[in-house]
Ligand code: FEO
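Residue numbers (the working numbering): 1 to 171.
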């Protein structure tokens, strides 16, 4: 049986991954409406990946004899001021997710649940990639500023990046 404290932490993480998917879906929809097709494609893909993160946790909890809880979600933001604003929030959100994952890992160690600890290492590695990617995109976007031509190229380049890949937008 899954340790109860670990099960609770994993269920909280299920909710965080589900909410992440929801937040990025909101961002994707905004970017699509704002005419940033490349960013929109990137964000839709990112949203799908968060759903996969959630599903992986659900399967693990149930397979280990726990009960995965499908969470209720908040409606995400509808409007953003700018692309910079979107990717700043995405970056901040990923930093928050990393903290939460570290928290789950910490509980696994305290409860001596080495199986779940091992399982969580996939998430630890994934967060390193996601944080790097988010920071690279944000840096690039801050360089671009409000230059419309550069924003157009940035948007076009972003369509080519896999959401959790470690690539950076080309110059
Ligand atoms: Fe599943 Fe981007 O954290």
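Yeah, the Cβ is synthetic: ideal placement off N, Cα and C, and Gly gets one too. As the structure is a prediction and not an experimental result, all values here were calculated from the model.
For residue 73, same chain residues with a beta-carbon under 7 Å away, outside a window of 5 residues either side, are 18, 19 and 22 in chain order. Assigned with DSSP and collapsed to three states, residue 3 falls in coil, not helix or strand. Residue 42 sits in a helix when the DSSP states are folded into three classes. DSSP places residue 129 inside the alpha helix (DSSP H), whose first and last residues are 114-144.
Taking the Cβ atoms as the reference, residue 87 lies roughly 5 Å from residue 137, within the contact range of under 8 Å. Annotation: residue 69 is outside any alpha helix (DSSP H) and is labelled neither H nor E by DSSP. In this structure, residue 97 has its CB closer than 8 Å to one or more heavy atoms of the ligand FEO.
Per the coordinates, the alpha-carbon of residue 61 lies some 7 Å from the alpha-carbon of residue 7.
For the pair residue 51 and residue 2, the CB atoms are not nearer than the 9 Å cut-off. Residue 101 sits away from residue 80, with the two beta carbons spaced by 9 Å or more. Distance check between residue 24 and each of 148, 92 and 113 places 92 closest, using alpha-carbon atoms only. Rounded to whole angstroms, residue 153 and residue 33 show a C-alpha spacing of 18 Å. Taking 8 Å as the cut-off, one finds no heavy atom of the ligand FEO near enough to the beta carbon of residue 12. One thing to note: residue 70 has its Cβ no nearer than 9 Å to the Cβ of residue 16. Residue 42 and residue 158 do touch by the CB rule: their CB atoms are close to 5 Å apart, below 8 Å. For residue 80, the three-state secondary structure derived from DSSP is coil.
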